[in-house]
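To keep things clear, I will list the structure first and then write my remarks on it.
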Amino acid sequence: METFRFIDLFAGIGGFHQAMSSLGGTCVFASEIDEACTEVYQKNYGMKSLVNIRDVGAGDIPQHDVLCAGFPCQAFSQAGGRAGFSDKTRGTLFFEIVRILSQHHTKYIVLENVKHLVSHDHGNTWKVISGALRELGYRTTREPLILSPHQFGIPQTRERVIILGKHDPEHVDEPLPIEFRGLLTKDCNSIYSILDQGPVDPSYNISDYERMVLEAWDEFRQGVGDDVVGDAIWVESFRFKGSMRGWADWRIKCVSRNMRIYEEHRQFIDGWLERHNQLRDFQPTHRKMEWQCGRDIKTIWDAVIQFRQSGVRVKAPTCFQALVAIIQTPIIGKLRRRLTVTEAARLQSFPVDRAGSPFCVDPSRRLAYKQLGNSVNVEVIRQAALRLLSL
Ligand SMILES: C[S@@+](CC[C@H](N)C(=O)[O-])C[C@H]1O[C@@H](n2cnc3c(N)ncnc32)[C@H](O)[C@@H]1O
Numbered sequence: 398m399e400t401f402r403f404i405d406l407f408a409g410i411g412g413f414h415q416a417m418s419s420l421g422g423t424c425v426f427a428s429e430i431d432e433a434c435t436e437v438y439q440k441n442y443g444m445k446s447l448v449n450i451r452d453v454g455a456g457d458i459p460q461h462d463v464l465c466a467g468f469p470c471q472a473f474s475q476a477g478g479r480a481g482f483s484d485k486t487r488g489t490l491f492f493e494i495v496r497i498l499s500q501h502h503t504k505y506i507v508l509e510n511v512k513h514l515v516s517h518d519h520g521n522t523w524k525v526i527s528g529a530l531r532e533l534g535y536r537t538t539r540e541p542l543i544l545s546p547h548q549f550g551i552p553q554t555r556e557r558v559i560i561l562g563k564h565d566p567e568h569v570d571e572p573l574p575i576e577f578r579g580l581l582t583k584d585c586n587s588i589y590s591i592l593d594q595g596p597v598d599p600s601y602n603i604s605d606y607e608r609m610v611l612e613a614w615d616e617f618r619q620g621v622g623d624d625v626v627g628d629a630i631w632v633e634s635f636r637f638k639g640s641m642r643g644w645a646d647w648r649i650k651c652v653s654r655n656m657r658i659y660e661e662h663r664q665f666i667d668g669w670l671e672r673h674n675q676l677r678d679f680q681p682t683h684r685k686m687e688w689q690c691g692r693d694i695k696t697i698w699d700a701v702i703q704f705r706q707s708g709v710r711v712k713a714p715t716c717f718q719a720l721v722a723i724i725q726t727p728i729i730g731k732l733r734r735r736l737t738v739t740e741a742a743r744l745q746s747f748p749v750d751r752a753g754s755p756f757c758v759d760p761s762r763r764l765a766y767k768q769l770g771n772s773v774n775v776e777v778i779r780q781a782a783l784r785l786l787s788l
């Protein structure tokens, strides 16, 4: 298909829009209820998207060849023995998709969701979705298609289920022959491939407090050596003396491991705690550390770090964890700073480096991270849609 028309439902800042227009598509309708997202959409694509999809009659949506939607995951009704799969979707946002497809019989569909959709509600959610699409006459892939940007050389692990469908009621039982060859593993990636070149706004630098915490944990890694690799280090459990009766197995395992590490490195750890004022100046969650980057990374400054509720998490510099709206922005150890908004946009494959009209993010840094965290990865959608549209 050389040129085609698409609609962008739950449009956000237009991850689908980017992917589909790069394949020659023209957007004829977009729907989104978050005002800040719609402003970014208008600025980048010159289109209004502020409308609740529930308020739009299917007949008011223009004719289109491709329906795109990253819809929220909700539980479906299991009741009603005679109800068809489509009926079971009533009241959910997936039903809005069903409603539009029933009227338009759109030729192609590209849907995206969290990987958990497949196992959600003991598999019932997936059963209802695939059943409803089949009922509407869509052929889909035999197995749920799970893809992540790192498989295409973008250093982010973000596994998402992509549902591809072609309207073909006469062959609805024939799976779509969609294949991905040569997908990359995490280790083939490097976070340095998407970093900003040149100077970065100093407000991205880590604070003096964060530097103090990371220096202390780096010293710990040097002193304890490869014993840091594994479950979380919990300073509070080094000298645990009470009873573990009634505890969950994982907690017993973790505390026992910390007690063993303390016994084996007692001299170093006592000195370390003394040098750092028993970590009294650390916030409680920073008194825990998870070294999740194996033995090969010898210093925290070669890793990617996140300050999380579960502790200071240290990861290998191959891939960033999935950008998600609620999780703290990762720190690039080597550069002693956080991932910038432009880097976050590159991680989601938005064309921030395009000459002429680069993609413009929200002017608020907080909102820009949030919107990018909620968006789809453009390249993943582009790769999937490329294969679908050639069928
Ligand atoms: C997971 S995000 C999708 C992001 C989008 N695919 C992108 O690339 O930026 C889901 C979006 O659905 C929007 N949404 C939720 N309910 C909606 C509704 N009733 N009508 C339109 N949009 C809605 C949310 O505001 C949110 O931005």
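Residue numbers for the sequence shown follow my numbering, so the first one is 398 and each next one is one higher.
Think of the CB as a built atom: it goes at the ideal place given N, C-alpha and C, for glycine as much as any other residue.
None of the values given here were measured: they were computed from a predicted structure.
Alpha carbon of residue i to alpha carbon of residue j, nearest angstrom
i       : j       : result
Gly-408 : Phe-468 : It is worth fixing the name first, because residue 408 is Ala in this sequence and not Gly. One C-alpha to the other measures close to 9 Å.
Arg-779 : Pro-755 : 18 Å
Ile-458 : Lys-583 : 41 Å
Ser-590 : Ile-404 : 32 Å
Arg-557 : Arg-663 : 44 Å
Ala-741 : Gln-703 : 15 Å
Leu-542 : Pro-572 : 12 Å
Ile-560 : Arg-536 : 10 Å
Ile-551 : Ala-455 : 37 Å
Asp-615 : Trp-698 : 8 Å
His-502 : Pro-748 : 32 Å
Ile-430 : Ile-494 : 16 Å
Arg-654 : Ala-719 : 29 Å
Ala-752 : Gly-595 : 17 Å
Glu-509 : Glu-432 : 22 Å
Collapsed DSSP secondary structure at residue i in the structure displayed
i       : result
Cys-434 : helix
Gln-594 : coil
Ala-427 : strand
Ala-466 : strand
Ile-560 : strand
Glu-540 : coil
Asn-771 : helix
Val-507 : strand
Phe-617 : helix
Met-444 : coil
Lys-685 : strand
Gly-622 : helix
Ala-454 : Per the sequence presented here, residue 454 reads as Gly, with Ala not at that position. Coil, per DSSP.
Ile-724 : coil
Trp-631 : strand
Val-569 : coil
Val-749 : coil
Nearest residue (CA-CA) to residue i, options the options
i       : options                            : result
Asp-623 : Asp-693, Leu-744, Phe-665, Asn-774 : Asp-693
Leu-544 : Cys-757, Asn-441, Ile-575, Ile-497 : Ile-575
Val-632 : Ile-658, Gln-619, Cys-585, Val-626 : Ile-658
Val-525 : Phe-491, Arg-654, Leu-508, Arg-705 : Phe-491
Gly-627 : Ala-645, Ile-588, Cys-690, Asn-674 : Cys-690
Ala-466 : Phe-426, Ser-483, Gly-456          : Phe-426
Leu-769 : Val-701, Val-463, Ser-746, Asp-405 : Ser-746
Tyr-601 : Asp-667, Arg-763, Cys-424, Thr-423 : Arg-763
Ala-781 : Asp-405, Tyr-505, Ile-494          : Tyr-505
Leu-676 : Gln-718, Met-609, Leu-580, Gly-456 : Met-609
Asn-774 : Leu-533, Val-437, Ser-527, Gln-553 : Gln-553
Arg-733 : Asp-598, Gly-443, His-673, Tyr-766 : Asp-598
His-513 : Arg-784, Arg-555, Ile-497          : Arg-555
Ile-588 : His-517, Ile-450, Arg-735          : Arg-735
Asn-586 : Tyr-766, Ala-713, Arg-402          : Ala-713
His-517 : Gln-594, Phe-473, Lys-485          : Phe-473
Asn-441 : Gly-412, Glu-607, Ile-728, Met-656 : Gly-412
Asn-449 : Glu-436, Glu-432, Ser-428          : Ser-428
Arg-487 : Arg-451, Ala-629, Val-507          : Arg-451
Asp-750 : Glu-612, Leu-592, Thr-726          : Leu-592
Arg-784 : Val-507, Lys-485, Gly-443, Ser-483 : Val-507
Gly-443 : Ile-410, Gln-471, Ile-630          : Ile-410
Whole-number beta carbon distance between residue j and residue i, since they are thought to touch under 8 Å
i       : j       : result
Val-758 : Val-738 : 5 Å
Lys-625 : Trp-688 : The question names Lys, but residue 625 is Val in the sequence shown. Val-625 to Trp-688, Cβ: 4 Å. Contact.
Leu-580 : Gln-548 : 4 Å
Val-709 : Lys-685 : 7 Å
Assigned exposure category for residue i - 16 Cβ within 10 Å defines buried
i       : result
Thr-696 : exposed
Cys-434 : buried
His-461 : buried
Leu-744 : buried
Phe-577 : exposed
Leu-533 : buried
Asp-667 : exposed
Pro-546 : buried
Trp-523 : buried
Leu-788 : exposed
Tyr-794 : It is not possible to answer for residue 794, since the shown part of the chain is limited to 398 through 788.
Glu-776 : buried
Ala-529 : buried
Contact with chain D by residue i, beta-carbon distance below 8 Å
i       : result
Arg-557 : The structure shown contains no chain D; it holds only a single protein chain.
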